[in-house]
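Step one of this worksheet: look at the structure below.
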Amino acid sequence: MEAIPRSMHRRSRPLYAFLVLAVIAAGLASRRYPFLLPAQLDKYPGDALWALMVMMLCGFAKPGWPIARTAGAALATSFAVEFSQLYQADWINAVRHTTLGHLVLGSGFNAMDLLAYSAGVAVGAAAELLMWRRASTGQ
Numbered sequence: 005m006e007a008i009p010r011s012m013h014r015r016s017r018p019l020y021a022f023l024v025l026a027v028i029a030a031g032l033a034s035r036r037y038p039f040l041l042p043a044q045l046d047k048y049p050g051d052a053l054w055a056l057m058v059m060m061l062c063g064f065a066k067p068g069w070p071i072a073r074t075a076g077a078a079l080a081t082s083f084a085v086e087f088s089q090l091y092q093a094d095w096i097n098a099v100r101h102t103t104l105g106h107l108v109l110g111s112g113f114n115a116m117d118l119l120a121y122s123a124g125v126a127v128g129a130a131a132e133l134l135m136w137r138r139a140s141t142g143q
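Next comes the structure, spelled out in structure tokens:
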């Protein structure tokens, strides 16, 4: 398998800005209209999309990073936010009770969220890999 040329490891910031907004819209829609998804998925599509959005933000901020570094940073950030939910001081809970605070920081630790974050980042990494492989072969 041929390696992806280093020159292909440059993301388009305008594209990634659009992708961040699109993923945010999809994540909010998954929570607003949960009946459009199988009930067994519960809230986890939104969690996976949240981690995917973090990956797109990392790609926007660091367009030259390889996929593995971008995915690793997104997963580390997502896990750190989830584990931070174990800290339940009054001041941080007050922030979490605001709409923006809840969207960014969540509210309570749930180990299953880590699996959803992993799935979201894996989908993002696979999509980038596929996109860059196609671009490198001219397809």
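Be aware that the sequence shown starts at 5, since it is given in the numbering used here, and climbs by one per residue.
Idealized CB from N, CA, C, for every residue including glycine.
These numbers were taken from a predicted model, which means no experiment stands behind them.
- prompt: Tell me which same chain residues have a C-beta within less than 8 Å of the C-beta of residue 90, skipping the five on either side of it?
  reply: Excluding residues within five positions, the ones whose Cβ falls inside 8 Å are 113.
task: Kindly indicate which residue of 117, 94 and 105 has the alpha-carbon position closest to the one of residue 50.
output: 117
Contact set for residue 131: own chain, Cβ-Cβ below 7 Å, skip 5 residues either direction: none
field: Limits of the unbroken alpha helix (DSSP H) element including residue 69
entry: No alpha helix (DSSP H) contains residue 69, which DSSP labels as neither H nor E.
task: Starting from the Cα of residue 53, find the closest Cα among 103, 64 and 28 and give me that residue.
output: 28
query: Between the C-alpha atoms of residue 106 and residue 142, what's the straight-line distance to the nearest angstrom?
result: 43 Å
query: Going by Cα to Cα distance, which pick from 139, 137 and 127 is closest to residue 56?
result: Per the C-alpha coordinates, the member of 139, 137 and 127 positioned closest to residue 56 is 127.
query: Quick one: Cα of residue 92 to Cα of residue 137, how far?
result: Taking the straight line from one Cα to the other gives about 44 Å.
message: Helix, strand or coil, according to DSSP, for residue 23 in the structure here?
response: helix
task: Give every residue of the same chain whose Cβ lies closer than 7 Å to the Cβ of residue 71, excluding the five residues on either side of it in the sequence, and list them in chain order.
output: 129, 132 and 133.
task: Just the C-alpha distance for residue 45 and residue 36, rounded to the nearest angstrom, thanks.
output: For residue 45 and residue 36, the distance between alpha carbons rounds to 14 Å.
task: Please list, in chain order, all residues of the same chain as residue 21 whose beta carbon is under 8 Å from its beta carbon, the five residues on each side excluded.
output: For residue 21, where only same-chain residues beyond five positions count, the Cβ hits under 8 Å are 64.
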